[in-house]
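K.L.:
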Amino acid sequence: MNLQHWADALNSHWGITADLRRLDGEYDLNFMATDTDGTSHVLKAMRPGCEAGLVEMQVQAFQHIASHDPELPCPRVIPALDGATMLSLPDAEGVARLCWLLECLPGKCYAQATPKTPALVYEVGAVLGGTGKALMDFQHPGLERDFKWDLTGAGWIGSEIDSIPDPARQSLIRAIDTEFANLEPVLTALPKQAIHNDANDYNIMVTGELTAPRRVSGLIDLGDICAAPRVCDLAIAAAYIVLDHPDPEAALAALVAGYHSAYPLTPQEVDLVYPLLRMRLAVSVVNSTLMAAENPDDPYVTISQAPAWRFLEGVEIHPGLLSARLRAACEMPVVDGAERVMQWINAERGNFANLMGEDLAEAPMGSLSVENSCWPQNPFHMPLAEAARVGEEFEDGDTIWLGYYHEPRLIYAEPAFRKGPYKASNRRTVHLAVDAFAPAGTPMYAPMAGEVFVVENRTGHLDYGGVIILRHATPAGDPFYTLYGHLNPECCSRLKIGDHIEKGAEFCRLGDASMNGGWAPHVHFQLALTTQGIEADWPGVGDPDEMYLWRAICPNPAALLNLPDEKCRYEPTSKEEIRQGRRDHFGGNLSLTYADPVMLVRGWKHHLFDEWGRPYLDAYNNVPHVGHAHPRIQAVAADQLKRMNSNTRYLHPAQTAFADKILSKLPDHLEVCFFVNSGSEANELALRLARAHTGAKGMVTPDHGYHGNTTGAIDVSAYKFNAKGGIGKSDWVELVEVADDYRGSYRRDDPDRAQKFADLVDPAIAALQQRGQGIAGFIAETFPSVGGQIIPPKGYLPAVYNKIRAAGGVCIADEVQTGLGRLGEYYFGFEHQGASPDIVVMGKPIGNGHPLGVLVTTRAIADSFAKGPEFFSTFGGSTLSCRMGKEVLDIVDDEALQQNARLMGADLISGLKALQEKHVSIGDVRGMGLFLGVELITADGSEATQICSYVKNRMRDHRILIGSEGPKDNILKIRPPLTIDSEGVEMILAALDSILSEVAQP
């Protein structure tokens, strides 16, 4: 191969001067040609002897696509200077080759694009469908090809299966071949048209990096174009889409829905997708096995089989349920006749026998939703004693009350409802039935005639107990099913499969908690239009991200209860409506985290739940210091609010008890407490105390610090006053460089860096003194958080404090982010530094979500402040606040949460450092306990702001909430509630590893 030869040919015949680079090609020569202005083309020099008709067909097909749908991302053919679209040119050895030129489409191949989101897969389907539609009327005599990649002729593999050495694999491929033979008459009866026939993951181009959306930018290479039923084109693409995909069924649904949106399919075609997908993979592995025999020294041939075998052998998919899924994704009836069943049921509404023996039109509804209910207390485990009381707040004697269909609930708490290894994995939460709660023993009557399809006693923890499934048929013969769960299992000895139940006949009774799976007495009444794939374990609850499927299989059964659909169907609060309400009624500078914000309505320990019950691992929020919804915090709040809630103008033992608890954690010289509403108010108060004690106003503070949102706190918060739209630095404030020994002026290889950073305070002191402001003090987040989770070198703070005190100032330690055991080894950050502050400020974590801040100082400073006007904070020192604050500190001790922070933090840091060795995007891992930062960098070592934003949002996609900080917003901030466990640590590390691997893709 001579690149210059082909560059000269390109210049001579197309008038393009370009640098050439060889591209992959199985038989032909392909070159990327980039000219001086950056425009790229693809020059194709076909294999010697290639038929002109094959190239002509591809050229005409591309031209046909361009004329019929110019918006499709397919390459245009570039004519030569003489207008010809194909030329016969000699190669460097003088052998004639057919040559043609295409525009080069942007992006990388789909195989290398990450992440492969449902939206991207949907677009792949839409582009393929659009291309199929454009080719619908394309004709060329070369389309009727007899070659191994024509899926309609895939039966050729039958005689070659014995070439596969493994007997189990032989059996698998033989079963797929048999299945194909059975459907071959259906396939060959479908109309044929021109199809791409090779939409593999290297023939689809994708643009979009990091935070930019992924878009399909190209469908290339018509080398395998042929005439076949269009579903073959979709099945071939599907065979590549599913390989090594973490959720192949969801990917298939997105692909088929995308294709259908551009080129509507029939239900018959949708049902063929999966068996044809399997047959395409069977062709691939048989073909590669034969090639391996011909080329035994080529390891790639065998390696290329691996993803196909992983799917064929390792992925269990029920074909019937998958067909229902794909139909539902295309908004088709999930089975033939389903629409007729629903028409009949709706027409008969009001004529069915009353299931509960009475009219339910006036029966009250009770919501057990994640938004409206606190059942269960622990959303990851519900004891039987609690399950037996579910819904007791709606009980009214023997009155029947109803539970909603389509309602997301957290009562499905056990691991069986999870779809992954972690508590924050996808989870089934959405109720697919209507519940009728009534006393145990209440009889039930068949709404319509039916035949017993299932009758059994399911005795597992919080299972159905006694359960009956009846099979029914419409007058037209279309089948459907109803399920009745949580029954008295006596029905199992009385009924058998095949028994006929007359309309209106009593056929079962409600069980009590000892026999119905453990629940408060009720019937779970569910309608299903098919049982394919759910025969063995009929799900009563669906994944909120799969409700397009479960709503279609299990529609609202309200009509069978003679009720209107809207009475029984629950709709969670619309996130978009709430977001619009914020736009309408809140300030524009009130930010939301994440490109796709979350709406969170429940919490427990270190997990949060959105309006659909989706769980999230909270690795960001330090406010719920001892965990979300802690039972002891709930109990203290409820107990005190039953009594009274007053303020510090009156005596109450809670005030001094809280003060004693705080002081027990601090050095002896800190002995006076001020209770306020927030860390902002506490820092504002700290400024007042410093000024009262020193008579000066000037403050020294590190750059990019944050101390709150009051006027004075903003003035010492460079993070705010230097931000876009900020007011700038006040003349009584001087900034010093953050003691960041990773990116700052003095690095970790400098043993004197602590003193050198401290010495930067000297000119700041001098500047304030020169302006006549004097030195009131120094205020700093002990470990700068918004500055990037910085751990200053040991000795820095004592050296700074010495300089400040020598100038007459006081030293303020803002421990809002770092205090109360978060650091594991230390209760407060100043302890790590060996520093002795004059004022310590604590904020939001001390109330665990209750608005509370604390300032503790020396007697001398407090006495100086007491010479001024009375200090009073209405709610800061309320009895409720004092009790809640003390309870938080007690819980940290009683539950050994500081020790947990040390242990879990050590595991996290160790794991993060291991990731640093693996991923070049990690420049630094720093922190202590559960106060951690991961600095992300670009290839040149600069701050990787975009990578950080991408990682943060992708972690949210993985159901993990983290933050980002730093002057360039390139540092991941990890600071979960102190309850986080080993499972949470493992999930963070696994997700971060996966996401950083996406960033590293070429």
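Just so you know, we're using this note's numbering here: the sequence shown kicks off at 1 and counts up by one.
Ideal Cβ positions, reconstructed from N, Cα and C, are used throughout, including at glycine.
Between Ser163 and the rest of its own chain, which residues show a CB-CB distance below 8 Å, the 5 nearest in sequence each way excluded?
P.N.:
Val286, Thr289, Leu290, Ala293
K.L.:
Where in the stretch 161–240 do unbroken runs of the alpha helix (DSSP H), each at least 4 residues long, occur, reported from the N-terminal end onward?
P.N.:
Here the runs fully enclosed are 167–189.
K.L.:
Tell me the rounded alpha-carbon separation between Cys568 and Asp463.
P.N.:
Spanning the two alpha carbons is a distance of roughly 23 Å.
K.L.:
Using the beta-carbon count (16 or more within 10 Å), is Pro1002 buried or exposed?
P.N.:
Because Pro1002 carries a pLDDT of 45, less than 50, the predicted location of this residue cannot be relied on, and no value is offered for it.
K.L.:
Any chance the stretch 752–770 sits against the stretch 724–741, with 3 or more Cβ pairs inside 8 Å?
P.N.:
yes
K.L.:
Can you have a look at Gly787 and say buried or exposed, based on whether 16 or more other CB atoms are within 10 angstroms of its CB?
P.N.:
Gly787 is buried by the Cβ-count criterion.
K.L.:
Exposed or buried, Thr656, counting other C-beta atoms within 10 Å across all chains shown (16 or more means buried)?
P.N.:
Taking a 10 Å sphere around the C-beta of Thr656, we find fewer than 16 other C-beta atoms and assign the residue as exposed.
K.L.:
How would you call Arg753, buried or exposed, if buried means at least 16 neighbouring beta carbons within 10 angstroms?
P.N.:
buried
K.L.:
Can you check whether the CB of Leu529 is closer than 8 Å to the CB of Val341?
P.N.:
yes
K.L.:
If you follow the beta strand (DSSP E) that Ser88 is part of, which residue opens it and which one closes it?
P.N.:
87–90
K.L.:
Rounded to the nearest angstrom, what separates Ala96 and Ser40 at their Cα positions?
P.N.:
25 Å
K.L.:
Taking the alpha carbon of Ile633 as the point to measure from, which residue in Glu144, Leu880, Lys133, Leu930 has its own alpha carbon closest?
P.N.:
That would be Leu880, whose Cα lies nearest to the Cα of Ile633.
K.L.:
Look at Pro521 and Pro439 and say whether their C-beta atoms are less than 8 Å apart.
P.N.:
yes
K.L.:
Run through the stretch 912–994 for me and flag every whole beta strand (DSSP E) of 3 or more residues, listed as ranges in chain order.
P.N.:
Listed in chain order, the beta strand (DSSP E) runs fully inside the stretch 912–994 are 922–928, 931–936, 963–965, 971–974, counting runs of at least 3 residues.
K.L.:
Leaving out five residues on either side along the sequence, give the residues of the same chain with a beta carbon under 6 Å from the beta carbon of Ala990.
P.N.:
none
K.L.:
Which stretch, first to last residue, makes up the alpha helix (DSSP H) that contains Ser261?
P.N.:
248–262
K.L.:
Express the C-alpha separation of Gly320 and Ser151 in angstroms, rounding to a whole number.
P.N.:
First, the residue type needs correcting, since residue 151 is Leu and not Ser in the sequence shown. Rounded to whole angstroms, Leu151 to Gly320 spans 22 Å at the Cα level.
K.L.:
Considering Lys886, what are the terminal residues of the alpha helix (DSSP H) in which it resides?
P.N.:
First-last of the alpha helix (DSSP H) with Lys886: 879–894.
K.L.:
Quick check on the DSSP output: what are the complete beta strand (DSSP E) runs of length 3 or more inside the stretch 663–706, in order along the chain?
P.N.:
672–676, 699–702
K.L.:
For the pair the stretch 865–874 and the stretch 788–798, tell me if three or more CB-CB distances fall below 8 Å.
P.N.:
no
K.L.:
Tell me which same chain residues have a C-beta within less than 7 Å of the C-beta of Arg327, skipping the five on either side of it?
P.N.:
Pro267, Val270, Pro333, Val334
K.L.:
With Thr289 as the anchor, note down where its alpha helix (DSSP H) starts and where it stops.
P.N.:
267–294
K.L.:
Quick one, are the C-beta atoms of Leu600 and Leu590 less than 8 Å apart?
P.N.:
no
K.L.:
Determine which residues share a DSSP beta bridge with Asn30 and list them.
P.N.:
Leu23, Lys44
K.L.:
Is it right to say Leu996 is buried, meaning 16 or more other beta carbons lie within 10 angstroms of its own, or is it exposed?
P.N.:
buried
K.L.:
Quick check on Ala18: does DSSP put it in helix, strand or coil?
P.N.:
strand
K.L.:
How big is the Cα-Cα spacing for Val59 and Pro75?
P.N.:
10 Å
K.L.:
Check Glu456 in the structure and name its three-state DSSP category.
P.N.:
Glu456 falls in the strand class under three-state DSSP.
K.L.:
If Gly708 and Ser717 are in contact, beta carbons under 8 Å, what's the gap, nearest whole angstrom?
P.N.:
In this structure Gly708 touches Ser717 by the C-beta definition: roughly 7 Å separates them, less than 8 Å.
K.L.:
Between Ala654, Pro837, Asp731, which has its C-alpha nearest His669's C-alpha?
P.N.:
Pro837
K.L.:
For Thr482, write down the residues that DSSP places opposite it in a beta bridge.
P.N.:
Leu470, Leu527
K.L.:
Do the stretch 122–139 and the stretch 247–263 make contact, defined as three or more Cβ pairs closer than 8 Å?
P.N.:
yes
K.L.:
Rounding to the nearest angstrom, what Cα-Cα distance links Val1005 and Ala713 in this structure?
P.N.:
Because the chain is modelled from 1 through 1002, residue 1005 falls outside the range shown and cannot be assessed.
K.L.:
Entirely within the stretch 761–816 and at least 3 residues each: give me those beta strand (DSSP E) ranges in chain order.
P.N.:
777–781, 810–814
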